[in-house]
Each structure stands twice: as structure tokens, then as C-alpha cells.
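Undergrad: Starting off with a structure, shown below.
2 protein chains.
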Amino acid sequence: MTPRAIRRLKIRHPRGETEVRIGAGALAPAVAELAPWLRDRTLFVLTAPPVRRLHGPALAALTTSAARVVELEVEDGEGAKTLVHAERLWRQMLTAGGKRDSRLLAFGGGTVGDLGGFVAGCFLRGIAVAQVPTTLLAQVDASLGGKTAVDLPEGKNTVGLFHHPDWVIADTRLLATLDPAELRAGLVEVIKMACLLDLELLDRVERDLESLLAGDPPSLVPVVAGAVAAKRAVVERDPEEGDQRRLLNLGHTLAHAIEAVLGYRRLRHGEAVAYGMLFALRLAARRSLDPHVVERLRRLLARLDLPSLGVLDAGALIACMTRDKKARERGLVWVLPSALGAAEMVSDLDMAWVRRELEDFLTDPWGRDSSPVAQGRT
Amino acid sequence: MTPRAIRRLKIRHPRGETEVRIGAGALAPAVAELAPWLRDRTLFVLTAPPVRRLHGPALAALTTSAARVVELEVEDGEGAKTLVHAERLWRQMLTAGGKRDSRLLAFGGGTVGDLGGFVAGCFLRGIAVAQVPTTLLAQVDASLGGKTAVDLPEGKNTVGLFHHPDWVIADTRLLATLDPAELRAGLVEVIKMACLLDLELLDRVERDLESLLAGDPPSLVPVVAGAVAAKRAVVERDPEEGDQRRLLNLGHTLAHAIEAVLGYRRLRHGEAVAYGMLFALRLAARRSLDPHVVERLRRLLARLDLPSLGVLDAGALIACMTRDKKARERGLVWVLPSALGAAEMVSDLDMAWVRRELEDFLTDPWGRDSSPVAQGRT
Chain C
1 MTPRAIRRLK IRHPRGETEV RIGAGALAPA VAELAPWLRD RTLFVLTAPP
51 VRRLHGPALA ALTTSAARVV ELEVEDGEGA KTLVHAERLW RQMLTAGGKR
101 DSRLLAFGGG TVGDLGGFVA GCFLRGIAVA QVPTTLLAQV DASLGGKTAV
151 DLPEGKNTVG LFHHPDWVIA DTRLLATLDP AELRAGLVEV IKMACLLDLE
201 LLDRVERDLE SLLAGDPPSL VPVVAGAVAA KRAVVERDPE EGDQRRLLNL
251 GHTLAHAIEA VLGYRRLRHG EAVAYGMLFA LRLAARRSLD PHVVERLRRL
301 LARLDLPSLG VLDAGALIAC MTRDKKARER GLVWVLPSAL GAAEMVSDLD
351 MAWVRRELED FLTDPWGRDS SPVAQGRT
Chain R
1001 MTPRAIRRLK IRHPRGETEV RIGAGALAPA VAELAPWLRD RTLFVLTAPP
1051 VRRLHGPALA ALTTSAARVV ELEVEDGEGA KTLVHAERLW RQMLTAGGKR
1101 DSRLLAFGGG TVGDLGGFVA GCFLRGIAVA QVPTTLLAQV DASLGGKTAV
1151 DLPEGKNTVG LFHHPDWVIA DTRLLATLDP AELRAGLVEV IKMACLLDLE
1201 LLDRVERDLE SLLAGDPPSL VPVVAGAVAA KRAVVERDPE EGDQRRLLNL
1251 GHTLAHAIEA VLGYRRLRHG EAVAYGMLFA LRLAARRSLD PHVVERLRRL
1301 LARLDLPSLG VLDAGALIAC MTRDKKARER GLVWVLPSAL GAAEMVSDLD
1351 MAWVRRELED FLTDPWGRDS SPVAQGRT
């Protein structure tokens, strides 16, 4: 299989359009495409030191058209997403003479993208931003759709805004340096979008999972492109997360609580989402979801060979979920699959029942003792 | 003259509409109008202690329809517009169980409105906000158009976003408790909008200036309504401050520098804007503005009996202006009146010439020694 050409697509949003480029080697042609966006401008480049060490020359090539480049850095990881770092960056940008028509380029994973988007969105009431995601998770999800945020001690992503990027350049060659666990975490979000939105993509992921987990570029390109196209459709219909876009929170109700209870250590976001999806499948199975669908998705997630969930307390997770920002005044909202390619928002679940289900789930997340299909075959 | 009925108007913006109510006693009918917006919601009310002391019962009446009211406070004045205060408020809101469908009501002057709008705009990526402005400046200008911000040591309003309110309730009876200097500062922004956008409003302000300065409600209502209507037209054409809306920055290029050099003490924002307008008139007169227009506007501003400018250094002001966020990469932008009802954006002024003009201005801000009209009459 030869690498495909660079995919180009636009995402419309309330304030304009995001130009997206996807492909193995997408950075090289982007140099010329970004030139008019950078010409005569001050460009702030936000990255993390490990990313700069790996991809410094590619980053330098991308920024040559700017009148002036000001380099900004944050540590790698969720710890960078704080108001302290945002304030430090804003003050550096003001001291360096940043103006309303300056640009910001966020080059890194989800942390750099979330923080960079927030910093750009609030600097002088908003400057234009380009996202160059360097992880699979950021390429298929975090860099798209304008969600930006930092964390507070009371919760993750609790301060932020919608600030859509002008550009997203997803070069799958950047994924070659990723830890396999990072690829796996990104694939969870791909599976989530595929089972909700694109069953051909789901087939492809099932077929190519081993080469995807190995970071094989010819396998990754169509999967990244498929996930981006699926997310685009949702973002365009619902750019600031009314109900449609919230369907993408499948698995996230529990995942955010797992991450918070673990102190954002041990499990990656994507890994927590995988467990969140498993729990959503369990609740959906108790309602009306076809057990064969449950089993198909469980088997796919099982092939990811996730780290174990460990021992978690159901009460602590439920307390955490009810504080989550996704909760509305009228109670906790669950996204539950109702079929392949369909899900529903459910807010009237009895919490005592949810708690019992959660306790069972925590002792047997894969439902190996209770799956009707599995039972049928034993 | 009898008080007029409540004026109602809508301001369209990219994410919806702002409902505006203006009048003497506008708060009373707003109680019923706000009820559906508040029903079943947690409402955060942000105000300053002196405002609560003066208007506590009116505020309490306005919030009765909310499921739950959480009171938030900030000190009065520009010192409240910091990230430290914003973070404190976000954390209080999370601890109190704030959700995405919670509401925030900002009840106070420009500081409370700017900070409240920013806090609402970034809380969980944006919750709906209502503005109840209690100063003339906030009623005619700051509460409208979605500009929100906090300050950094490097500059005022340097961190913020556009977050349009759902409601603006401008009750001119709240102005009865204002210091006359506050009314004067607000009238400067009215004069600015009138000379750019509404010459009938300019005639009215000239005619009624003394009763306006005295806080006379029947005089204030049509002036607030006229200024709001003028600002609406600009905001709707240009909701996020491209060139059209930037015409409203008439006088602000120098004003922000004056305020910064004075450490935001001694002169109010509106007073600094009056001096900024005087300087813009001087530059415009040197280009092509009719000297009779210059003289007419100078005379009107002179009737405000502004506090003196004191001794300021031209070099410090120019250094400050070139750092201002309104500057673009390509140089300092001036808004200069070209006639009554018209102004132009000028970015190619020779800075050595501007500096000489500024030095002259600082010794003789009213141009009493150099006005061609005055010279013609001596």
C-alpha cells in the first residue's frame, strides 16, 4: 500500500472555517499554505521540550514565513494546563509585543493544544491559532472543534472557551515517535467515534487494529482521516456542544471521574474513556442494546490490552461525576449506545441502580461473568 | 416631562441575541421577563459591596425566579479585574455546584460587568450572563457588545473574550445614587458615540447637558436609549471588533496610555477618554477636519468641567501606546473624526510629528492658543 495524498477538508464554525490537512508528510506542503497566514505577523509557538527535541526541524521549517517567531514552552502533561501557566504565557506574549493580529501555533499533544487554544482565545480577546497535533488522540479529537481549557483543583477543563483554530495540520509521520500506549489511547477515541458515526471506520479499525497499534503509517492515514471527517460532521451541526456534540462524550461521564479519583495518574485519558465506554455498554445492555453489539465492541476494546482499572470506590466515582461540568442542573447525563451508529442522552437513570451497576462493573469491568452472548456460548 | 415607557431592543450577535431594556424603573418589569431564563437554574450573582448596599432589595427582587442564588462579591474598582479574582470566583462556583446551564448576573459598574462577563464566558467554556449596569458608563457602553476582560500588570483588558450577554437591563433610576463625576465620565462616552453616529443625540446632549450632569431621569432615559441604539448598529455590523467597531475607540488610543501612566488613579476612564478625544480632534484639525466642528466638540467637552490632566510625559505616553493591544503589527492606529458623523482609521502618522503634537497638547490640551476659530474671533 502506498501512502495516500494529503487529505484536505474544511470545518465550518460560527466564526469562520478551520482548514484541516491530514496525511503522512502533511507538514511539508503546509509550509507554503501557511505562508499568507504568517506573513508580516508575530508568531508565538507553544510546544513542550520533548516535542521540540523530537520535531524541532519540522517545526522550524513550518514557521519561516512569520515576520518574527517567539518561542513559548510548557512542561509536557496535564500539569501544564493551569491558570498559572496561562498567565505566564500571556505576560510573556505582552512583553514580547504581541498584538491582536499576532498568531499562535500550538505544536504538541492534547495538553499543548488545550492550553495553547485557551491562551490564544483570551489573549487580547482572541488571536488566531493553528494546531499541529503530535499525538493520535490530538489528531483525531482534541485539535478539532475549538474546545480549549485549563484545569482547576476542583476539576479538569473547568475554565476555557470555544476558540476554533484556523488551521489543523495532522501529519501522521509525527506519530512514529509515539509510545505504543499513546497510540492505544488515541485509538479508543477513534473507536468511540466509529461506533457512533461511521461503521465503515469501525470495520477498518477492527481489521487493521494490530498495524494501527504498531503505528503503521499507511494504516493510520485513513483512520485519522475517517475520524476527522466523522467529528467534522458533528462539530458543524453543533459547534458549541449542544446535545448533538455531547454524544461524543460517550464513555466520558465515568472516564472523567476515574481520572479525577486517580489524580490524573496511572491511566491515560483514552484508557479511562475505554473503561467509561465499557460501563456505558453495560448500562445500555441493561436497557435495550443488542447483546451482539455489546459483545462486538467489548471484544474490540479487549484487543487493546488496556492496563487494569485497579481498585476504585464506587461512592467516590459517583460523587465526582455529580460535580462534573457535563452535569446539568437536572441531573447526571449519560450517553448510551442504542445500536451501532446511534446513541441516546439519558438523564433519568435511578442513581441507586447506577451505583449497584457500577459496583458490579468495578469488580468485573469486562462483564465476563454476565454477558448474555458469552453465557449463550458456554 | 413624564418618564417614558421602557424601551426594548435586541442586539443580534454571532451566537444569538441580546435583549436590552432601558428606562426609569426598567428593573421592575424585568423580574417577570427574566423568570423563564432563571427557572430551575442556579444563579450566580456578582456584585460589589457598595452596590449591594445601595440596591440590595432591587437585586433580590430580580433573582427570585432562580432555583438557587449563590452570591459572589468583588471589591469595587479596576483592582477587581484580575485573574486572581477570576480564579477565586470560578472555584467558588465549582464548589457551589455550578453547571453549564447555570446563569450569572453581573450587577454593578464596568468593573463588575467586565469581570462577570469574563468569568461567565470561561466557566465550563461559557455560561449565559445577564448584565445589570449601575453606572452611566456601563449602561451606554460597557454592558453592550460582549467585551469582557481582566487586566495584567502589562496592560488593562489584556485577557478576555467576546461573550455577549443574553440580557442587559439598564434602569436609569439606579443612576440616582451616582457621584456626579461618574455621570460626567459616562457622558463622555455618550458624546463620543453621538459625534460619530447620531447627530440628533449630539444636539440633545448639548441642549440637556446640565440636567444630564445633575442625573435628571427624564433627560437621561432618551440619552441612554440613543447611545444604546447607536452602539447596537455598530456591534451588529461588526460583533468582534474589526474596523467598524474600532471606530468606537475614538479617544481611546491616548486615553489608555493616560490611565496606565497614572496607574489607573486620579482620572476616571471617561475623563481620560475626553482628553483622548481632545487630542484626536487636534490631530484631525491638522489634517482636514472643519475647525468649526473641532470648536463645537471642544466647547461641549469643556462644559463637563473635567479635572485637569496634570503634568504627563509625552515619551512615557507614546511608549505606552505602542504597547497597547489596539496596536497592530503594522503600527499605531488612530481614530480621527473627518466630519460630524464620520471618522477614519489612520495608521500612517509620522510618530515624530505625533510626539510634537502631543507635547503641545500636554501644555495646552484645550488648544486655546491655537484654535483657528478662536484666532478668527480674537
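Protein chains in written order, with my numbering: chain C, 1 to 378; chain R, 1001 to 1378. We treat Cβ as the ideally placed atom computed from N, Cα and C, and that holds for glycine.
1. Among all the DSSP beta bridges, which residues are the ones paired with R/G1108?
2. On the DSSP letters alone, give me the boundaries of the alpha helix (DSSP H) that C/R265 sits inside.
3. Once you ignore the five residues that flank R/A1080 on each side, which residues in its own chain have a CB closer than 8 Å to its CB?
4. According to DSSP, which residues form a beta bridge with C/V168?
5. Secondary structure at C/L103, three-state DSSP: helix, strand or coil?
6. Please work out which residues of its chain come closer than 7 Å, Cβ to Cβ, to R/L1306, disregarding the five sequence neighbours upstream and downstream, and give them in chain order.
7. Opposite R/M1345 in the DSSP bridges: which residues?
8. Mind pulling the chain C residues with CB within less than 7 Å of R/W1353?
9. Taking C/R323 as part of the alpha helix (DSSP H), name the residues at either end of that continuous run.
10. Find out if the Cβ-Cβ distance for the pair R/L1183, R/L1136 is shorter than 8 Å.
11. Output yes or no for whether 8 Å exceeds the beta carbon distance between C/A67 and C/T42.
12. Just verifying my parser: in three-state terms, what is the DSSP assignment at C/L183?
13. Return the CA-CA distance between R/V1168 and R/Q1139, expressed in angstroms with no decimal places.
14. For R/E1071, which beta-bridge partners are listed by DSSP?
15. CB-CB under 6 Å to C/G160, same chain, minus the five flanking residues each way: which ones, in chain order?
16. Which residues in the same chain have their Cβ closer than 7 Å to the Cβ of R/R1287, if we skip the five residues on either side of it in sequence?
17. Listing by chain order, which chain R residues have their CB less than 8 Å from the CB of C/R265?
18. Report the option in R/S1338, R/V1223 and R/G1263 whose CA atom is closest to the CA atom of R/D1141.
19. Going by DSSP, which residues form a beta bridge with R/H1379?
20. Would a check of beta-carbon distances place C/C195 closer than 8 Å to chain R?
21. Quick check: the region 97-104 of chain C against the region 1086-1103 of chain R, are there 3 or more CB pairs under 8 Å?
22. State the DSSP-derived secondary structure class of C/A276, mapped to helix, strand or coil.
23. With a CB to CB cut of under 6 Å and the five nearest residues on each side skipped, what residues in its chain are close to R/L1254?
24. Please check if any C-beta of chain C sits within less than 8 Å of the C-beta of R/W1037.
25. From the beta carbon of C/R377, is the nearest beta carbon of chain R less than 8 Å away?
26. How long is the line joining the alpha carbons of C/R8 and C/R265, rounded to whole angstroms?
27. If we cut at 8 Å on Cβ distances, does C/G160 have a partner in chain R?
28. Taking its Cβ as the centre, do 16 or more other Cβ atoms sit within 10 Å of C/M1, making it buried, or is it exposed?
29. Could you check whether the region 201-217 of chain C touches the region 231-239 of chain C, counting it as contact only if at least three pairs of C-beta atoms, one from each stretch, sit closer than 8 Å?
30. In the DSSP assignment, the alpha helix (DSSP H) including R/K1231 goes from what residue to what residue?
31. If you draw a straight line from the C-alpha of R/R1103 to the C-alpha of R/T1064, how long is it?
32. Verify the CB distance criterion: does C/E236 have a CB-CB separation below 8 Å to chain R?
33. Within 8 Å, do at least three Cβ pairs link the region 1342-1353 of chain R to the region 1292-1308 of chain R?
34. Which of the three DSSP states is assigned to R/G1121 in this structure?
TA: On the basis of the data shown:
1. R/P1133
2. Taken as a continuous stretch (DSSP letters only), C/R265 belongs to no alpha helix (DSSP H), as it is neither H nor E.
3. A1048, V1074, T1111, V1112 and L1115
4. C/V20 and C/Q131
5. What sits at residue 103 of chain C in the sequence shown is Arg, not Leu. Strand.
6. E1271 and A1274
7. R/V1335
8. What R/W1353 touches in chain C: nothing, since even the nearest Cβ is about 23 Å away.
9. A314 to R323
10. yes
11. yes
12. helix
13. 8 Å
14. R/V1045
15. F118, T148 and A149
16. L1336
17. What C/R265 touches in chain R: nothing, since even the nearest Cβ is about 21 Å away.
18. R/V1223
19. In the structure as shown, chain R begins at 1001 and stops at 1378. Residue 1379 of chain R is therefore absent and cannot be evaluated.
20. no
21. no
22. The sequence shown places Gly at residue 276 of chain C, not Ala. C/G276 falls in the helix class under three-state DSSP.
23. G1276 and F1279
24. no
25. Any answer about C/R377 is weak, because its pLDDT of 37 lies below 50 and its placement is not dependable; what the coordinates show is given next. So no, C/R377 is outside the interface.
26. 36 Å
27. yes
28. With a pLDDT of only 39 at C/M1, under 50, the local geometry of the prediction cannot be trusted, and the value read off the model is given with reservation. Flag for C/M1 reads exposed.
29. no
30. P1217 to R1237
31. 13 Å
32. no
33. no
34. helix
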